[in-house]
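**Q**
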Amino acid sequence: MPRKPKTIPGPSRLSGILAQLTKEPRPFLPNLKSLQLTYAYRNDHFGARHFVKEELPRIRYANPTIDIRVNKVPKTKDETLVPEMVVELKNGTTRTLNMDGKWSSAIYHELMDLTAGSWWQRWKNEQAAAGISTTPYPPPQKKSGVAAVLP
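Dropping the structure here:
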């Protein structure tokens, strides 16, 4: 018979995953038909890779009928591949979002601005009225001085 723990166990791994999937704002995208993402398989396009890891499961959970395709392309250092997301709306129009050099949160906000509709604008206005910033993180700063020279 196993011993009883002396402390109360913390939240389970499953409850943590569910909390991540349902955190606010839930990405309900009524105008979106499909997403197609293309980025490098490794060693590049970090914002796009983090977007796929952090935000895409939330989008899939809130919108199970959306067709999502992710293309991870092998890339060498000599090749130039621009990470992009092709967004197809229900009215038949397509838009291509450039994900090069952007943080995952900036990509998420750009997608939400394009497809979410009026509830997204209301949520941003409510957050601004409460004094909470909704802008995505700024792009990383270039190194200067000694930090640019040292490895």
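One point on numbering: in this note's numbering, the residue at position 60 of the sequence shown is 65, and numbering is uninterrupted. A virtual CB, placed ideally from N, CA and C, is assigned to each residue, including glycine.
With the cut-off set at 9 Å, would you say Gln132 and Ser138 are in Cβ contact?
**A** Contact: yes.
**Q** Give the secondary structure of Leu94 by DSSP, where H, G and I count as helix, E and B as strand, and everything else as coil.
**A** Here Leu94 sits in strand by DSSP.
**Q** Which complete beta strand (DSSP E) runs does the segment 57-108 hold, if anything under 3 residues is left out?
**A** Counting only runs of 3 or more, we get 72-78, 89-94 and 99-103.
**Q** Based on DSSP bridge pairs, tell me the residues matched to Ser39.
**A** Answer is Asp72 and Glu93, bridged to Ser39.
**Q** Opposite Ala45 in the DSSP bridges: which residues?
**A** DSSP lists Val78 as partners of Ala45.
**Q** Whose C-beta lies closer than 7 Å to the C-beta of Met117 among residues of the same chain, with five residues either side of it excluded?
**A** Cβ neighbours of Met117 beyond the five flanking positions: Pro32 and Trp125.
**Q** Give me the Cα-Cα distance between Thr101 and Thr12, rounded to the nearest whole angstrom.
**A** Near 52 Å, if we compare the C-alpha coordinates of Thr12 and Thr101.
**Q** Between Asn36, Gly15 and Gly21, which has its C-alpha nearest Val4's C-alpha?
**A** In the structure as shown, the chain starts at 6 and stops at 156, and residue 4 therefore has no counterpart that could be examined.
**Q** Please identify the residue among Ala121, Tyr44 and Leu26 whose C-alpha is closest to the C-alpha of Lys80.
**A** Comparing Cα positions, the closest option is Tyr44.
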